[in-house]
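To start, the structure itself, in structure tokens.
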Amino acid sequence: MTTDSNGNDSWAGDAQNASPDGEFVRDTQYINDRITSDAPAGEATEQSDGTFRWPVEAGRYRLVAARACPWAHRAVIVRRLMGLEDVISLGLTGPTHDKRSWTFDLDPGGVDPVLELPRLQDAYFNRFPDYPRGITVPAIVEESSRKVVTNDYPTLVRDMITQWGQFHRAGAPDLWPAEHVAEMEELNKWLFTEVNNGVYRCGFAGSQEAYDSAYDRLWAALDTLEERLSTRRYLVGDHVTETDIRLFTTLVRFDAVYHGHFKASRNKITEMPNLWGYLRELFQLPGFGDTTDFTEIKQHYYIVHTEVNPTQIVPKGPDLSGFATPHGREALGGRPFADGTTLPGPVPVGEGLKNPEPFQG
1 MTTDSNGNDS WAGDAQNASP DGEFVRDTQY INDRITSDAP AGEATEQSDG
51 TFRWPVEAGR YRLVAARACP WAHRAVIVRR LMGLEDVISL GLTGPTHDKR
101 SWTFDLDPGG VDPVLELPRL QDAYFNRFPD YPRGITVPAI VEESSRKVVT
151 NDYPTLVRDM ITQWGQFHRA GAPDLWPAEH VAEMEELNKW LFTEVNNGVY
201 RCGFAGSQEA YDSAYDRLWA ALDTLEERLS TRRYLVGDHV TETDIRLFTT
251 LVRFDAVYHG HFKASRNKIT EMPNLWGYLR ELFQLPGFGD TTDFTEIKQH
301 YYIVHTEVNP TQIVPKGPDL SGFATPHGRE ALGGRPFADG TTLPGPVPVG
351 EGLKNPEPFQ G
């Protein structure tokens with residue numbers, strides 16, 4: 001949902017993105033600027049298509065994310081896996097937002113301590129006073145100007161992998177291996193339409209026909225993944241890639257939110273042995289489970305989506321203790337990361353979960 005700089009509401013959240021026949025259609029128009037290793041130092045440079053290229057520079061940018069959001073969760077995971085915590089700072093909004101913007105209500109005084117802004121929309125309006133689209137996370141903001149750089153989440157995540165190499169930690173994994181790029185790009189596109197966005201098509205369907213179609217497509221895709229993961233430890237190749245991160249952030253929210261809230265209720269992920277084992281393995285890796293806050297996830301969906309849950313009651317459950325049980329995926333071969341790769345260190349001070357489950361330490 002967006003508000004212009006005069007305070008006029010013009011966006012009501014995901015639920016507004018429905019076609020006349022009731023099908024949910026996500027707005028995928030973003031600020032398409034990029035931060036790249038070949039951009040000249042100094043000010044951003046305009047390209048022939050009207051976008052800007054910003055230089056890779058330690059300490060210049062702040063990643064603004066929400067633990068609740070699956071799209072933002074990807075960026076938080078990649079930042080941690082690549083060891084960019086001391087290079088790109090992290091600002092976290094609260095799990096809910098009002099009709100204007102995501103807000104920094106978890107910070108003292110409700111103000112981001114670095115940007116000194118109460119609302120993410122302020123960073124958007126600092127650069128685009130009449131910005132007409134959604135105030136979305138994740139977003140990269142330039143700290144000095146307090147202006148948004150980009151909210152193009154697929155590209156900013158990819159660029160953290162491919163453009164920030166000079167600042168990656170020693171032993172950082174290769175999440176975008178050249179030998180698998182073509183397969184990953186094809187699978188990523190399918191995952192977005194059928195699974196990542198598929199759960200939203202179920203939840204925000206505006207007609208029975210649209211819901212039935214979305215439901216059938218989603219479960220056909222999850223059945224395909226269940227079969228694929230019966231013989232593969234990971235989605236592509238023998239190690240974790242960016243494609244696995246894309247699937248993880250949807251799967252980890254499924255039983256707690258999408259199964260009931262979005263009416264994707266044929267069964268739970270815990271009832272699909274291959275997907276459940278795969279999800280448990282990823283969750284137990286540093287960067288995945290230690291960035292997953294189930295309390296904030298549930299608060300966001302059940303409180304913000306009043307068109308789906310008008311009472312705003314946040315349900316108890318489900319039992320999450322199974323995430324800590326052995327996954328048994330070793331028998332399929334492969335391993336999380338390749339030779340020469342090391343796991344990331346402890347979660348940086350100040351970035352731990354506010355609501356850890358007992359098994360999250």
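Residue numbering for the sequence shown follows full-length UniProt numbering, beginning at 1 and increasing consecutively. Even glycine gets a Cβ: it sits at the ideal position worked out from N, Cα and C. Source: prediction; values computed, not measured.
Taking the DSSP output, what are the residues bridged to residue i?
i           : result
residue 142 : 61, 147
residue 35  : 54
residue 305 : According to DSSP, residue 305 bridges with nothing at all.
residue 97  : 102
residue 201 : Looking at the DSSP assignment, residue 201 forms no beta bridge with any residue, so it has no partner.
residue 119 : 103
Pull up the distance between the alpha-carbon of residue i and that of residue j, whole angstroms please.
i           : j           : result
residue 344 : residue 191 : 27 Å
residue 118 : residue 125 : 13 Å
residue 141 : residue 338 : 33 Å
residue 111 : residue 105 : 7 Å
residue 92  : residue 148 : 15 Å
residue 167 : residue 174 : 14 Å
residue 200 : residue 225 : 18 Å
residue 40  : residue 55  : 6 Å
residue 62  : residue 300 : 22 Å
residue 353 : residue 283 : 14 Å
What span of residues does the alpha helix (DSSP H) with residue i cover, start to end?
i           : result
residue 277 : 273-283
residue 335 : No alpha helix (DSSP H) contains residue 335, which DSSP labels as neither H nor E.
residue 208 : 208-228
residue 161 : 153-162
residue 79  : 70-81
residue 189 : 181-191
Assuming residue i is part of the beta strand (DSSP E), what are its boundary residues?
i          : result
residue 89 : 89-92
In the structure shown, what three-state DSSP assignment does residue i receive?
i           : result
residue 243 : helix
residue 46  : strand
residue 292 : coil
residue 126 : helix
residue 321 : helix
residue 299 : helix
Using the beta-carbon count (16 or more within 10 Å), is residue i buried or exposed?
i           : result
residue 184 : buried
residue 137 : buried
residue 49  : exposed
residue 171 : exposed
residue 311 : exposed
residue 277 : buried
residue 316 : exposed
When the cut-off is 8 Å and only beta carbons count, does residue i lie next to chain D?
i          : result
residue 37 : Note that chain D does not occur in the displayed structure, where there is just one protein chain.
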